[in-house]
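Below: the structure, in structure tokens.
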Amino acid sequence: MRIPISFPSVVYGTLLNDRATLERMAQAMGQPPYKAPPVAPVLYIKTANTYAAPGADVAVPADPGVVRIDAALGVVFRRDATRVRESQAHDYVAGYLIASDVTLPHDNYYRPPLRERCRDGFCPMTACLSPGADFDADHAEIAIAINGRIVHRRNLESLVRPIARLIADVTEYMTIPAGGVLLVGTPEDAPLAYPGDEVRIDVAGLGSLTHRLVAQISDGEST
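Written as structure tokens, this is what we have:
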């Protein structure tokens with residue numbers, strides 16, 4: 021089951037916005053050809069074919085037969101955002117969603133990871149959710165459970181750029197359209213999952229998202 025193409029309008033993920041990841045890669049980023057960490061947010065896109073609804077079956081290709089679950093909080097935009105001031109960033113936010121940013125395991129942040137991140141169904145998402153008044157997105161707690169057992173838990177306080185700063189920095193050079201989604205919170209040590217596993221992502225104060233992994237047995241088929 022897929023989310024209608026009218027929602028969301030576009031989904032962007034963010035990389036290198038976690039302190040632990042930057043610390044681990046600091047030496048590599050100082051080497052040629054880059055010689056320094058990036059000064060602007062590093063984005064990737066989740067193409068429309070990846071969008072899937074809660075409860076979806078996500079097909080895992082036989083090679084490598086495993087995926088990584090990059091659980092994320094999705095910031096949903098209520099109107100076009102261009103050159104937004106950090107102090108006004110939350111005025112552009114309609115609400116939040118929970119996303120399972122499924123990806124084939126990889127560790128290259130300097131080329132578009134289309135093959136790894138843009139497989140069919142690789143982005144199950146909830147609809148836009150309205151949090152309670154006490155929900156603090158910059159300190160949201162995200163837990164990943166596989167087959168009912170919590171295998172990963174994190175708090176977004178470790179973001180290098182908090183959400184308002186991230187919105188300001190991204191919209192400095194590009195417009196995020198109304199209905200667009202910016203994924204934040206991709207963790208450093210995201211868990212691996214396999215066909216047959218059930219994945220549940222819980223965001224405290226917001227809700228949960230569940231989906232299942234199935235084996236892709238041939239083009240267009242899964243089980």
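For the sequence shown, position 29 matches number 49 in the working numbering, and the numbering has no gaps at all.
For each residue, glycine too, the CB sits at the ideal point set by N, CA and C.
(request) Output the distance between the C-alpha atoms of residue 135 and residue 71, rounded to the nearest integer angstrom. (result) 15 Å
(request) Indicate whether residue 123 and residue 142 have their beta-carbon atoms separated by less than 8 Å. (result) yes
(message) Under DSSP, the beta strand (DSSP E) around residue 192 begins and ends at which residues?
(response) Element bounds for residue 192: n/a, residue is neither H nor E.
(message) Going by beta-carbon coordinates alone, are residue 91 and residue 221 separated by less than 8 Å?
(response) Going by C-beta atoms, residue 91 is nearer than 8 Å to residue 221.
(request) Please classify residue 64: is it buried, with 16 or more other beta-carbons within 10 angstroms of its beta-carbon, or exposed? (result) Looking at its Cβ environment, which holds 16 or more other Cβ atoms inside 10 Å, residue 64 is buried.
(request) Give the DSSP bridge partners of residue 143, in chain order. (result) For residue 143, which the question treats as bridged, DSSP gives the partners 71.
(message) Are the CB atoms of residue 204 and residue 117 within a distance shorter than 8 Å?
(response) no
(request) Please look up how many angstroms separate the CB atoms of residue 218 and residue 206, rounded, as I've assumed it's under 8 Å. (result) In fact, because the Cβ distance is near 21 Å, the residues do not count as touching under 8 Å.
(request) Please go through the same chain and pick out, in chain order, the residues whose beta-carbon is closer than 8 Å to the beta-carbon of residue 212, but skip the five residues on each side of it. (result) 86, 87, 88, 89, 125
(message) If the criterion is Cβ atoms closer than 8 Å, does the pair residue 79 and residue 140 meet it?
(response) yes
(message) So, under 8 Å CB-CB, residue 191 and residue 104 are touching, yes? Tell me the CB distance rounded to an integer number of Å.
(response) 5 Å
(request) Identify whether residue 150 lies in helix, strand or coil by the three-state DSSP scheme. (result) coil
(request) Using a threshold of 8 Å, state whether the C-beta atoms of residue 144 and residue 225 are closer than that. (result) no
(message) Quick check: the Cα distance between residue 21 and residue 74, rounded to an integer number of angstroms?
(response) With a pLDDT of only 36 at residue 21, under the threshold of 50, the placement of this residue in the model should not be trusted; the figure read from the coordinates follows. Between residue 21 and residue 74, the C-alpha separation is close to 8 Å.
(request) Spell out the partners DSSP gives residue 162 in its beta bridges. (result) 174, 223
(request) Report the residue from 109, 232, 210, 66 whose alpha carbon sits nearest the alpha carbon of residue 157. (result) 109
(request) Could you tell me which of 154, 119, 175, 236 sits nearest to residue 216, measuring between CA atoms? (result) 236
(request) Would you mind working out which of 161, 200, 223, 210 sits nearest residue 67, comparing C-alpha positions? (result) Nearest C-alpha to residue 67 among 161, 200, 223, 210: 200.
(request) Might you give, ordered along the chain, the residues of its own chain that have their beta carbon closer than 6 Å to the beta carbon of residue 111, omitting 5 neighbours on each side? (result) none
(request) Please name the residue, chosen from 81, 37, 30, that lies closest to residue 181 on a Cα-to-Cα basis. (result) That would be 37, whose Cα lies nearest to the Cα of residue 181.
(request) Check whether the Cβ atoms of residue 114 and residue 187 lie closer than 8 Å to each other. (result) no
(request) Within 10 angstroms of the Cβ of residue 52, are there 16 or more other Cβ atoms? Answer buried if so, exposed if not. (result) exposed
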